[in-house]
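Just so we're on the same page, the working numbering is the position in the sequence shown counted from 1, plus 96. We treat Cβ as the ideally placed atom computed from N, Cα and C, and that holds for glycine.
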Amino acid sequence: MEVGYNGPCRQEVRVVIEQLASLPNGVLGFRMSGLVTAQDYENVMVPDIEAAFALNPKLRLVVHVGEDFLGFAPGAMWDDVKLGFRHISGWERTALVTDVGWIRAMSGVFGFAMPTHFKLFSNLELAEAVRWAGSI
97 MEVGYNGPCR QEVRVVIEQL ASLPNGVLGF RMSGLVTAQD YENVMVPDIE
147 AAFALNPKLR LVVHVGEDFL GFAPGAMWDD VKLGFRHISG WERTALVTDV
197 GWIRAMSGVF GFAMPTHFKL FSNLELAEAV RWAGSI
C-alpha cells in the first residue's frame, strides 16, 4: 500500500484502489490492495467509471485484486454491487485478475448475474487479461 499526500494540508492518503496505466483505448482498469472501504469506491472508482460512461455507453473493465489485498471493509462490497448494477447493460467486457480464493469462487456468481463477457485470470495473467479486455 502506498501512502501519499494530498492538498495544502498535506493529509495522508491511502492508495488502496488505483487506476491501471497503459491500457488499450476503451479499457478502464483498477488495482485493489490493502483493506478497501466504501469511501475508496466513492472517491476513486465511482468518479472514474461514471466519467467513462459519460463518454461511452459501453465499458471494458480490468480489475486486479493483488496479493496484498486484505479484504473489504463493511459497506465496500455493497458499493461494488451498486456500481455494477447502476450500469447493468453497459459492461461490455470485464476481466477479473486475482489469486484470492474467495473472490475467485464468488466470481462465478458475478459472471452469472451480469450481462457482460466476463473472464477470470490469475495474477500471472494480468497482461493477457488486459489484451482480452481490449479485444473486440
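Original post:
Where asparagine 121 and asparagine 152 are concerned, what is the direct C-alpha to C-alpha distance, given to the nearest angstrom?
Top reply: Taking the sequence shown and counting its residues from 1, the one referred to as residue 121 is at position 25. Taking the sequence shown and counting its residues from 1, the one referred to as residue 152 is at position 56. When rounded, the distance between both Cα atoms is 12 Å.
Original post:
Roughly how many angstroms lie between the CA atoms of methionine 173 and valine 123, to the nearest whole one?
Top reply: Within the sequence shown, the letter at position 77 stands for residue 173. Within the sequence shown, the letter at position 27 stands for residue 123. Rounded to the nearest angstrom, the two C-alpha atoms are 22 Å apart.
Original post:
Just reading off the alpha helix (DSSP H) that valine 161 is part of, what are its end residues?
Top reply: Counting from 1 along the sequence shown, the entry for residue 161 is found at position 65. Counting along the chain, no alpha helix (DSSP H) covers valine 161; the unbroken beta strand (DSSP E) around it starts and ends at 155–168.
Subject >> Three-state class that DSSP yields for isoleucine 113 in the structure shown >> reply: The sequence position of residue 113 within the sequence shown is 17, counting from 1. In this structure, isoleucine 113 counts as strand in the three-state DSSP scheme.
Original post:
Should valine 205 go down as buried or exposed, given a rule of 16 or more other Cβ atoms within 10 Å for buried?
Top reply: The count along the sequence shown starts at 1 and reaches residue 205 at position 109. The C-beta of valine 205 has fewer than 16 other C-beta atoms within 10 Å across all chains shown, which makes the residue exposed.
Original post:
Helix, strand or coil: how does DSSP classify valine 171 here?
Top reply: The count along the sequence shown starts at 1 and reaches residue 171 at position 75. The sequence given here places glycine at residue 171; valine does not occur at that position. Here glycine 171 sits in coil by DSSP.
Subject >> Residue ranges of each beta strand (DSSP E) within the segment 195–229, 3 or longer >> reply: Listed in chain order, the complete beta strand (DSSP E) runs (minimum 3 residues) inside the segment 195–229 are 213–217.
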